[in-house]
Structures are given as C-alpha cells and as structure tokens.
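Shown next, in the form of structure tokens:
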C-alpha cells in the first residue's frame, strides 16, 4: 500500500514539475510549445491560463478553458 501511495504522489508531483521545467529556457529562440518569452525576466514562462501553443498565441476554444485548456466548461 505504501508503494502505491508513493507512486501516486510521484506521478502527480512529476506532472506539475515537468510543466514548469519545460519552460525554463534561457533564450527566446528556445522557448518551446506552451511557453512564452518574458522579456522583463529574460526567460521563458508557462502560458497564461486560457492560452496555449507556440508563444501562447492561441486561446482555448469553447468549451475548454484553464491551464493548457484541460478543463471543460459544459
């Protein structure tokens, strides 16, 4: 039982951590999908809630919303 709980915690933590770490790039050219360059901080950051894609240029389509458009409004 302890092993199953540990695996569940690891998976949840890793998923959250990967999303943020994926955007930790040090140049605008290296920003990946679902990240945008923040000139003030001189680094890539996660897209704002409700946006996704290269340079966060796309907004969620109805009925989707939230981080990476993973929520459903209907």
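In mature numbering (1 follows the signal peptide of the UniProt record, and there is no 0), the protein residues as written are -18 to -1, 1 to 56. C-beta: ideal position from N, C-alpha, C; glycine also. Bear in mind the structure is a predicted one, so any value in this text is a computation, not a measurement.
Under the three-state reduction of DSSP, residue 51 is assigned to helix.
A Cβ-Cβ distance of about 10 Å is found for the pair residue 26 and residue 38, leaving them out of contact under the 8 Å criterion.
With at least 16 other beta carbons inside 10 angstroms of its own, residue 34 counts as buried.
One alpha carbon belongs to residue 56, the other to residue 30, and they sit about 21 Å apart. Note that the C-beta distance between residue 40 and residue 15 is not below 8 Å.
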